[in-house]
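Report on one structure; see the data block that follows.
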Amino acid sequence: MIKTHNLSKTFFSGFLRKKIKALDGLNLEVKSNEIFGYLGPNGSGKTTSIKLFVGLLKPSAGRVKIFNQDINSQNVLSQIGYMPEASNFYDYLTAWELLDYYGQLCHLKKSIRGRRVEELLSLVELERFKTMQLRGFSKGMLQRLGIAQALINDPKLVILDEPMAGLDPGGRKKVRDIIIDLKRKGKTIFFSTHVLWDVELICDRVGILIDGRLKNVGRLDEMLQREDGFTEIIFKSLTSEGMAEIRKNFSQIVEEGNQVLVYARDEQQVEFALSLVNQKKAKIFSLAPQRKTLEDIFIKELEKN
Ligand SMILES: Nc1ncnc2c1ncn2[C@@H]1O[C@H](COP(=O)(O)OP(=O)(O)OP(=O)(O)O)[C@@H](O)[C@H]1O
Ligand SMILES: [Mg+2]
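As numbered in the working numbering, the sequence shown has no gaps in its residue numbers, which increase by one up to the final residue, 399.
See the structure below:
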């Protein structure tokens, strides 16, 4: 759906024409019907990438193809829905008027437009407010309207720049639900965010962008698996023989009262702990695999810089 090859953008900023490498050799492929989360801290180049995807910026080097075609062909643009980072709508319009206006821009016939606008208002749960002027809208409502606007042309590919920005947990959930619903309808969704949790909950694949470079990309479960986790085991009712074996087999041991906590670094160590139970040298009070989170991966990538 989106394919980039060494896509790069350098800005020259200020009087001294200081060079800023906003995007540095991006190689990325977004597949059909997936939800792709583009994760990165402020200033990492997310918006720059997205503007390159939709043709608002020209690359300094490299290229981007959408549906295997150049982005400047009208055929491509008409099948992309795009929500910019900060939509500044004319706030004397009502939600209905705004969507109808975008429908006209996309050359939708009046008869189709009316139905489409109603459908979208219902999808983003704004039908109750359709005759209210946008200046009375909350941030969450405007954000949802922005998504509706991006969908007016019934695009195959939906690109959303920070769709959850500034929303409370309820608002974020609504946006997540809309995105999941779009996937169910066969769309491909690419969105940027720095909210890890939203990515963990809904994305098929994730790309981590730091300082204009893609540091990590893949399926979230595989990314998490690649990270070495550990299992926290707490023993109780240990025999002295059991305790001696634990001292031999684990490096990190915390003793508290009649309980002993160890960290099993691999499968064998977990097996060993269970064998002590089988041999009646100990009982297990708790055994908890510690799953790495996307946050751990993200922080690790940041620290590598
Ligand atoms: N038009 C521009 N002129 C000069 N520098 C720019 C321009 N646009 C972006 N930059 C710089 O490029 C870098 C990447 O910016 P970009 O807006 O793509 O980041 P971002 O990941 O979207 O950040 P945020 O999370 O804050 O939205 C930043 O250092 C920014 O200052
Ligand atoms: Mg941005």
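Yeah, the Cβ is synthetic: ideal placement off N, Cα and C, and Gly gets one too.
As the structure is a computational prediction, the values presented were derived from the model and not from experiment.
Distances taken from the Cβ of Ser369 to the heavy atoms of ligand 2 include none shorter than 8 Å. By the criterion of at least three beta-carbon pairs nearer than 8 Å, the segment 233 to 241 is not in contact with the segment 152 to 163. Boundaries of the beta strand (DSSP E) around Leu120: 112 to 124. For the pair Phe379 and Gln353, the CB atoms are nearer than the 9 Å cut-off. Ala382 carries a strand assignment under DSSP once its states are collapsed to helix, strand and coil. The DSSP-derived three-state label of Arg299 is strand. Taking C-beta atoms under 8 Å as the contact rule, Phe130 and Arg299 qualify, at a distance of about 5 Å. Ranked by Cα distance from Ala189, the first of Thr225, Gly197, Ser154 is Thr225. Here Lys374 carries a coil assignment [DSSP, helix/strand/coil]. Excluding the 5 residues flanking it on each side, Thr142 has same chain C-beta neighbours closer than 7 Å at Lys103, Ala116, Leu117, Leu151, in chain order. Chain-ordered, the residues whose CB falls short of 7 Å from any heavy atom of ligand 2 come out as Lys140, Thr141, Glu179, Asp255, Glu256, Ser286. For the set Arg270, Tyr186, Gln384, the Cα lying nearest the Cα of Leu217 is the one of Arg270.
Relative to ligand 1, the nearest heavy atom lies less than 8 Å away from the CB of Phe105. Distances from the CA of Ala242 to each of Thr287, Ile206, Asp194 were compared; the closest alpha carbon is that of Asp194. Take Glu128, set aside five residues on each side of it, and the residues of its chain with a beta-carbon closer than 7 Å to its own are Thr282, Asp298, Arg299, in chain order. Between Arg266 and Val289, the gap from beta carbon to beta carbon is short of 9 Å. Counting every other CB atom within 10 Å of its CB across the protein chains shown gives Phe106 a total below 16, marking it as exposed. Nearest Cα to His201 within the set Gln168, Glu221, Ala180, Ile327: Gln168.
Put simply, of Phe392, Lys398, Ser334 the residue whose alpha carbon is nearest the alpha carbon of Lys377 is Ser334. Spatial neighbours of Glu179 in its own chain (CB-CB distance under 7 Å, excluding positions within 5 residues in sequence) are listed in chain order as Thr141, Asp255, Glu256. Taking 8 Å as the upper bound for CB-CB distance, Pro249 and Gln173 are in contact here, some 5 Å apart. For Lys250, the secondary structure class from DSSP, reduced to helix, strand or coil, is coil. Here the alpha carbon of Gly134 sits roughly 23 Å from the alpha carbon of Gly264. According to DSSP, Asp164 shares a beta bridge with Lys159. Take Arg210, set aside five residues on each side of it, and the residues of its chain with a beta-carbon closer than 7 Å to its own are Gly197, Leu202, Ile246, in chain order. Distances from the alpha-carbon of Trp291 to those of Tyr186, Glu361, Asp390 put Asp390 closest. Ala338 has its alpha-carbon roughly 55 Å from the corresponding atom of Lys277. Look at Asn136: its beta carbon is less than 8 Å from one of the heavy atoms in ligand 1. Here Arg209 carries a helix assignment [DSSP, helix/strand/coil].
Looking only at Lys330, Glu316, Lys342, Val311, the smallest Cα-Cα distance to Glu349 is reached by Lys330. The beta-bridge partner set that DSSP reports for Asn352 is empty.
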